[in-house]
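*Asks:*
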Amino acid sequence: MIILIKKIHNKIKMRKLFTLSLLMVFGLFVNAQITVTNNDLAPAGTTIYNSIDNSVDDKILPGSPGPNKTWDFVTLNQDNIDTLKFLLPAWTPYPDNFPDANFAANLVNDNAYAFLIRNDDKLSAIGLVGSYDVYENISVPLVPEEIYMDFPVQFGQTRDENFFIEARLESDTPPADSVKYRQRTVKSSFVDAWGSLTLPMGTYNTLRVKEERTTYDSVWGKIFGTWVLVQTDQSSSTLYKWITNDASFGYYLVTMDYDADNQAVNDVEFMNMMPVGVEDHSVESVLAYPNPVKDILRFNMKDMPNGEVSIYNLNGQLVINKQFTDAKTSVSVSSLPNGVYFYVVKDNNSNKILSDKFIKN
C-alpha cells in the first residue's frame, strides 16, 4: 500500500511538474511574440545608420517560417554604410510637392526623398523625389500608395499590392522630344515568422516580414507626336525584414536581399549602432522651456524677431501654429495629450527653419 501511494504521489508530482513546464514554455512564447505599432517607429528627426554586408557568411540564411524561431546573425560585417533620415515634409527641399504627406524619409546615399503618410493604421509612401539617369529632382507620385506597414504589424499578416510610378521628361536625343519612364510593381508581404534575432550589437524579439516583388519597367519615346515603346525590363526580388517593438530602434533591424533561385543571400543591411536623435535641426539660437512642459511652452529666439512657431505630433500632424513678432513668445500646450512633440520655428525674414522636440506631461 505504501509503495502504491508513493507511485501515485510521484505520478501526481510529475504531472504537476509537466503542467508547470508547459505553462512556463507557453509563457515564454507569449512574451516573445510581439506586435509593432505606430508608436514603436522612430520620430521625425531620427537618423539611422545601417551597415551593409556585401559578402555574407554562408551560414546566415533566412531559414524557415513559423513561430519561436532563432536567427544568429552575429557574424555580419560592415562593408558600407547607408543613411536614412526621418523628417517632416517641411524640413525637406520639397515641402509642397505632396501636400497630403505628414512624414518623410531621406535616403541620403541615393539623394532621394520618400513622402509618407503615417498614422495609427499604416505607414505608406505617396510620392518620391530623386534622380533618374541624367535627370535630377524628378518628382513622381505612387499610384496608389505603397503600404510599408499595416499597424499593428503582427504574425500571420498578409498584403498584396499593385502600384506604379510614371515620369515624363524632356529628351535631348532626336528624334524623340520627350521620354516617359513607367514602373509597375506587384508586391506581396507576409509576416511569416517571429522569434529571437541576434546581431553584433545585441539580441531582440522580432517579427519577420517576407516581401516578394516583381517590377515591370518600360521606357517610351515621343516621336512625331506618338509614344513609341523603346525598352522594357522585368526583375524580381525577395526581401526578408526583421523588426522589433523597441522604439529606441524605430525601424527594421535587418533587411536581407535573398536570391530564391540560388538559395543564397546577396547582401544584408543591418543596424550596427543605435539611431541618433534630433540633431540636424536643433540649434542654440532657439531656446524652448520648460522641457518637459505642462501648460505653457516659452520660446526665446535670438536674432529672430519675426516668424511662426508650429507644433507637430509624432504622426507629423500640425496641432498648433502661432505667428510671433517678438523674439520672446509663448504657446499654450495644455490641451495637448501627453507625449513627444516637435516644434518648428520659421524665420519670416530668412525663411530659415529650425526645430527640436519637447515632452508634454
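Numbering (the numbering used here), first residue to last: 3 to 363.
Backbone N, C-alpha and C define an ideal beta-carbon position, used for all residues, glycine too.
Counting only runs that start and end within the region 244-307, where is the beta strand (DSSP E) found for 3 or more residues in a row?
*Replies:* DSSP runs (the beta strand (DSSP E)) wholly in the region 244-307: 254-261, 266-273, 288-291 and 298-303.
*Asks:* Less than 8 Å separating the Cβ of Ile245 from some heavy atom of the ligand PLP?
*Replies:* In the structure shown, the ligand PLP is absent, as is every other ligand, since no ligand is present at all.
*Asks:* Three or more C-beta pairs closer than 8 Å, one from the region 253-264 and one from the region 90-102: is that the case here?
*Replies:* No: fewer than three Cβ pairs fall under 8 Å.
*Asks:* Please report the distance separating the alpha-carbon of Asp253 from that of Ala46.
*Replies:* Here residue 253 turns out to be Tyr, not Asp, going by the sequence shown. Looking at the two C-alpha atoms, the distance is approximately 12 Å.
*Asks:* Quick check: Glu213 and Ser191, are their CB atoms within less than 9 Å of each other?
*Replies:* In contact: Glu213 and Ser191 (Cβ atoms closer than 9 Å).
*Asks:* Should Tyr291 go down as buried or exposed, given a rule of 16 or more other Cβ atoms within 10 Å for buried?
*Replies:* So Tyr291 counts as exposed.
*Asks:* On the DSSP letters alone, give me the boundaries of the beta strand (DSSP E) that Lys87 sits inside.
*Replies:* Unbroken beta strand (DSSP E) run through Lys87: Asn82 to Leu89.
*Asks:* Check each candidate in Lys71, Pro339 and Ile149 and name the one with the smallest Cα separation from Val295.
*Replies:* The candidate whose alpha carbon is nearest that of Val295 is Pro339.
*Asks:* Would you mind listing the beta strand (DSSP E) stretches within the region 90-143 that are 3+ residues and don't spill past its ends, in chain order?
*Replies:* Runs of the beta strand (DSSP E) inside the region 90-143: 105-109, 114-120 and 124-134.
*Asks:* Pick out whichever of Ile36, Thr37, Gln35 and Asn41 has its Cα sitting closest to the Cα of Ser250.
*Replies:* Nearest option by C-alpha distance: Asn41.
*Asks:* Measuring only the C-alpha atoms, how far is Asn82 from Val76?
*Replies:* If I take the Cα positions, the gap works out to 17 Å.
*Asks:* Can you name the start and end residues of the beta strand (DSSP E) that Val346 belongs to?
*Replies:* From DSSP, the beta strand (DSSP E) with Val346 extends over Gly341 to Asp349.
*Asks:* Secondary structure at Asn41, three-state DSSP: helix, strand or coil?
*Replies:* Three-state DSSP puts Asn41 in a helix.
*Asks:* Taking 9 Å as the cut-off, decide whether the C-beta atoms of Phe165 and Val193 are in contact.
*Replies:* No, they are not a contact pair.
*Asks:* Drop a sphere of 10 angstroms on the beta-carbon of Gly227, count the other beta-carbons inside from all chains shown, and report buried for 16 or more, exposed for fewer.
*Replies:* Gly227 is exposed by the Cβ-count criterion.
*Asks:* Please return the same chain residues whose Cβ sits closer than 8 Å to the Cβ of Gly129, not counting the five positions on each side in sequence.
*Replies:* So the qualifying residues of the chain are Asn99, Phe100, Ala103, Ala116, Phe117, Ser141, Val142, Pro143 and Leu144.
*Asks:* Please classify Thr331: is it buried, with 16 or more other beta-carbons within 10 angstroms of its beta-carbon, or exposed?
*Replies:* Thr331 comes out buried.
*Asks:* My output table needs one value for Thr217: the three-state DSSP class, helix, strand or coil.
*Replies:* Reduced to three states, the DSSP call for Thr217 is strand.
*Asks:* Starting from the C-beta of Ile313, find all residues in its chain whose C-beta is less than 6 Å away, skip the five residues before and the five after it, and write them out in chain order.
*Replies:* Result list for Ile313: Val321, Ile322, Tyr343 and Tyr345, in chain order.
*Asks:* With DSSP as the reference, label Gly223 as helix, strand or coil.
*Replies:* If DSSP states are grouped into helix, strand and coil, Gly223 belongs with the strands.
*Asks:* Between which residues of its own chain and Arg300 is the CB-CB distance below 6 Å, once the five residues before and five after are set aside?
*Replies:* Cβ within range, chain order: Tyr291 and Ser332.
*Asks:* Can you have a look at Tyr137 and say buried or exposed, based on whether 16 or more other CB atoms are within 10 angstroms of its CB?
*Replies:* The residue is exposed, with fewer than 16 neighbouring Cβ atoms inside 10 Å.
*Asks:* Hey, could you find the ends of the beta strand (DSSP E) Gln325 is sitting in?
*Replies:* Taken as a continuous stretch (DSSP letters only), the beta strand (DSSP E) holding Gln325 covers Leu320 to Phe326.
*Asks:* By a C-beta neighbour count over all protein chains shown, 10 Å radius and 16 as the cutoff for buried, is Gly309 buried or exposed?
*Replies:* Its Cβ being crowded by 16 or more others within 10 Å, Gly309 is buried.
*Asks:* How would you write the range of the beta strand (DSSP E) that Ala195 sits in, first residue to last?
*Replies:* First-last of the beta strand (DSSP E) with Ala195: Ala178 to Leu201.
*Asks:* Would you report the Cα separation of Asn350 and Thr327, rounded to the nearest angstrom?
*Replies:* The alpha-carbon atoms of Asn350 and Thr327 are separated by roughly 10 Å.
*Asks:* By the DSSP assignment, the beta strand (DSSP E) with Gly68 in it spans what residues?
*Replies:* It spans Gly68 to Asp74 - the beta strand (DSSP E) in which Gly68 sits, taken as one unbroken run.
*Asks:* For Ser415, which of Asn315, Gln325 and Lys348 has the nearest alpha-carbon?
*Replies:* In this structure the chain extends from 3 to 363, so residue 415 is not present and cannot be described.
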